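S.K.: This is the structure I want to talk about, given as structure tokens.
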Amino acid sequence: MSSLGTFTPAEAVELAVVERSGFVESRHIGSAVVIAPDGAITKRLGSPDSPVFPRSSLKPFQALAVLNAGVPLRDEHAALATASHAGTARHVSVVRAMLASAALSEDALQCPADWPLDRRARDEAVASGHAPARVTMNCSGKHAAMLIACVANGWPIDSYLDPAHPLQAAVRDTVERLTGERPAATAVDGCGAPVLAIGLTALARGIQKFATSSMSSPFALYRNAATIVDAVRRHPWAIDGTGRDNTIVIERLGVFAKGGAEGVMVMTAPDGTTVTSKTLDGSSRAATVVALALLVEAGALEASSVDAVLPDLHLDVLGGGAPVGRIRSVVGG
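Heads up: the sequence shown runs through residues 4 to 336, numbered per my numbering.
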């Protein structure tokens, strides 16, 4: 049996509970870390140095590798490059435009075909007799950006997901440069791209550098990161979707947020305070509220501002169609 893996239940701490009619029905354990604007670690929960697969929380670094490869993505295109998008017509239109800019069609995408995450878009697709498509898969923007980089640099497009491909080598280099950590393992993500295992502490350092980058930096790496962050802030619908958690907190709280599968979350407040967390059972339902609570405790967000957002984050536990409880963070403010 392989000895590789993330932290264990014995190393984790309780992060959130699910309450139903005053009874704690479920408990989510995991790990988290908080880093202050000056880079100091101010809170460690569980085992934040154990490697985790960031899953889609790795997308900011993957998008940055594309820009570092000389691809001038801007605005909605840059935001879609780091997105786990909802697959609405608006998202799909931008992905197709990205591909067309490199004279490619959606047939070049190697992510698996999937239904849109957005319920209305999925219902419309089913009603119209459409099948799952690669372009509506939530990672298609990232894949389109990768393909554009391949065309721009004369790299092969048929093997762009191979870990040995020049593009994937560039992604790995970008991750190592920003996090200061060599990945502990490489695996195949759900979309088919390589995913790299790194600790939550290293991930937080990397995301903090990414999310606080400036267009006036003397280094292209950070100017490119600032371009992506600016695009996400101006087009928050693109990174996720209207009414979805990442988009809501970016729009209303001014944070940079990117969730990943299996309960991963990265979030940076406007002042640079950064939280990364992972729920050990892989559930993402508490990821946003845990990160927000830790930022409130750190003094990076106002409790009243966060409280105003919570009702829209799908935290209610329903009974008979009515709220009878809530998913609640037990850490932070």
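Each residue gets a CB set at the ideal place from its N, CA and C atoms; glycine is no exception.
It should be emphasised that the depicted structure is a prediction, and the values quoted were computed from it without experimental measurement.
Would you kindly check if the distance between the Cβ of Val334 and the Cβ of Leu107 is under 8 Å?
M.R.: Your numbering for residue 107 matches position 104 in the sequence shown. Your numbering for residue 334 matches position 331 in the sequence shown. For Leu107 and Val334, no; Cβs fall outside 8 Å.
S.K.: How about Val346 and Val320: are their beta carbons less than 8 Å apart?
M.R.: Outside the modelled stretch of the chain, which goes from 4 to 336, sits residue 346, for which no answer is possible.
S.K.: In terms of alpha-carbon separation, which member of Ala100, Ser131, Cys142 lies closest to Pro115?
M.R.: Counted from its first residue, the sequence shown places residue 115 at position 112. Checked all of Ala100, Ser131, Cys142; the closest Cα to Pro115 is Cys142.
S.K.: Could you give the DSSP three-state label for His31: helix, strand or coil?
M.R.: Residue 31 sits at position 28 when you count from the first residue of the sequence shown. His31 falls in the strand class under three-state DSSP.
S.K.: Expressed to the nearest angstrom, what Euclidean distance is found between the alpha-carbon atoms of Val293 and Asp248?
M.R.: Here residue 293 corresponds to residue number 290 of the sequence shown, with the count starting at 1. Here residue 248 corresponds to residue number 245 of the sequence shown, with the count starting at 1. Their Cα atoms are separated by approximately 12 Å.
S.K.: Using 10 angstroms around the beta-carbon of Phe26, count the other beta-carbons present and answer buried if the total reaches 16, otherwise exposed.
M.R.: On the sequence shown, position 23 is the one that residue 26 refers to. Exposed is the call here.
S.K.: Is DSSP giving Phe259 helix, strand or coil here?
M.R.: Counted from its first residue, the sequence shown places residue 259 at position 256. Three-state result, Phe259: strand.
S.K.: According to DSSP, is Leu18 part of a helix, a strand, or is it coil?
M.R.: Within the sequence shown, residue 18 is the residue found at index 15, counting from 1. Leu18 falls in the strand class under three-state DSSP.
S.K.: Just the Cα atoms here: how many angstroms apart are Ser219 and Leu7?
M.R.: As a working mapping, residue 219 is identified with position 216 in the sequence shown. As a working mapping, residue 7 is identified with position 4 in the sequence shown. Roughly 41 Å separates the two Cα atoms.
S.K.: Tell me which residues share the same chain as Gly324 and place their Cβ nearer than 6 Å to its Cβ, disregarding the 5 neighbours each side in the sequence.
M.R.: Along the sequence shown, one-based indexing puts residue 324 at 321. Taken in chain order, the list of residues that qualify is empty.
S.K.: In the DSSP output, which residue or residues are listed as bridge partners for Phe26?
M.R.: In the sequence shown, the residue the question calls residue 26 occupies position 23. Beta-bridge pairing links Phe26 to Arg23.
S.K.: Return the residue from the list Ala100, Thr177, Asp121 that minimises the CA-CA distance to Leu67.
M.R.: Counting from 1 along the sequence shown, the entry for residue 67 is found at position 64. Nearest option by C-alpha distance: Thr177.
S.K.: Does DSSP put Arg99 in a helix, a strand or coil?
M.R.: Taking the first residue of the sequence shown as 1, we reach residue 99 at position 96. In this structure, Arg99 counts as helix in the three-state DSSP scheme.
S.K.: Using a threshold of 8 Å, state whether the C-beta atoms of Thr91 and Ile242 are closer than that.
M.R.: Your numbering for residue 91 matches position 88 in the sequence shown. Your numbering for residue 242 matches position 239 in the sequence shown. Result no, Cβ atoms of Thr91 and Ile242 do not sit closer than 8 Å.
S.K.: So, Ala152 versus Val98, is the Cβ gap smaller than 8 Å?
M.R.: As a position in the sequence shown, residue 152 is number 149, starting the count at 1. As a position in the sequence shown, residue 98 is number 95, starting the count at 1. No, the Cβ-Cβ distance between Ala152 and Val98 is not below 8 Å.
S.K.: Which of the three DSSP states, helix, strand or coil, is assigned to Arg175?
M.R.: Sequence index remark: in the sequence shown, residue 175 carries index 172 (1-based). In the structure shown, Arg175 sits in a helix (DSSP, three-state: H, G or I).
S.K.: In the structure shown, what three-state DSSP assignment does Ile160 receive?
M.R.: Start at 1 with the first residue of the sequence shown, and residue 160 comes out as number 157. Coil.
S.K.: For a test of the three-state rule: what should DSSP assign to Arg346, helix, strand or coil?
M.R.: Missing from the structure shown is residue 346; the chain here goes from 4 to 336 and no further.
S.K.: Ignore the nearest five residues each way along the sequence and tell me which others in Glu79's own chain have a CB closer than 6 Å to its CB.
M.R.: To locate residue 79, count along the sequence shown from 1; it is residue 76. Excluding sequence neighbours, Glu79 sits near Val97, His238, Ala241.
S.K.: Could you compute how far the alpha carbon of Pro12 sits from the alpha carbon of Leu318?
M.R.: As a position in the sequence shown, residue 12 is number 9, starting the count at 1. As a position in the sequence shown, residue 318 is number 315, starting the count at 1. The straight-line gap from Cα to Cα measures roughly 24 Å.
S.K.: Take the Cβ of Asn156 as the centre, count every other Cβ of all protein chains shown within 10 Å, and call the residue buried at 16 or more, exposed below.
M.R.: As a position in the sequence shown, residue 156 is number 153, starting the count at 1. Exposed: under 16 other Cβ atoms inside 10 Å.
S.K.: Check Gly323 in the structure and name its three-state DSSP category.
M.R.: Here residue 323 refers to the residue found at position 320 of the sequence shown. DSSP places Gly323 in coil when its eight states are reduced to three.
S.K.: For the putative contact between Thr230 and Arg77, defined by C-beta atoms under 8 Å, what is the C-beta separation to the nearest angstrom?
M.R.: Residue 230 sits at position 227 when you count from the first residue of the sequence shown. Residue 77 sits at position 74 when you count from the first residue of the sequence shown. That pair is a contact at about 7 Å.
S.K.: Could you tell me which residues DSSP puts in a beta bridge with Arg122?
M.R.: The residue given as residue 122 occupies position 119 in the sequence shown. Partner(s): none; Arg122 has no beta bridge.
S.K.: Assuming Gly263 and Arg58 are in contact, meaning their beta carbons sit under 8 Å apart, how far apart are those beta carbons, in whole angstroms?
M.R.: Counted from its first residue, the sequence shown places residue 263 at position 260. Counted from its first residue, the sequence shown places residue 58 at position 55. Yes, they are in contact, since the Cβ atoms of Gly263 and Arg58 sit about 3 Å apart, within 8 Å.
S.K.: When burial is assigned at 16 or more other CB atoms within 10 Å of the CB, is Ser24 buried or exposed?
M.R.: Indexing the sequence shown from 1 puts residue 24 at position 21. By the 10 Å Cβ count, Ser24 comes out exposed.
S.K.: Per DSSP, Pro197 is paired with what?
M.R.: Here the question's residue 197 lines up with position 194 in the sequence shown. DSSP output for Pro197 lists Val191 as bridge partner(s).
S.K.: Among Ala35, Pro221, Phe259, whose alpha-carbon lies nearest the alpha-carbon of Val235?
M.R.: In the sequence shown, counting from the first residue as 1, residue 235 sits at position 232. Residue Phe259 is the option with its Cα nearest to Val235.
S.K.: Express the C-alpha separation of Gly209 and Arg123 in angstroms, rounding to a whole number.
M.R.: Counting from one through the sequence shown, the residue named residue 123 turns up at place 120. Counting from one through the sequence shown, the residue named residue 209 turns up at place 206. Spanning the two alpha carbons is a distance of roughly 35 Å.
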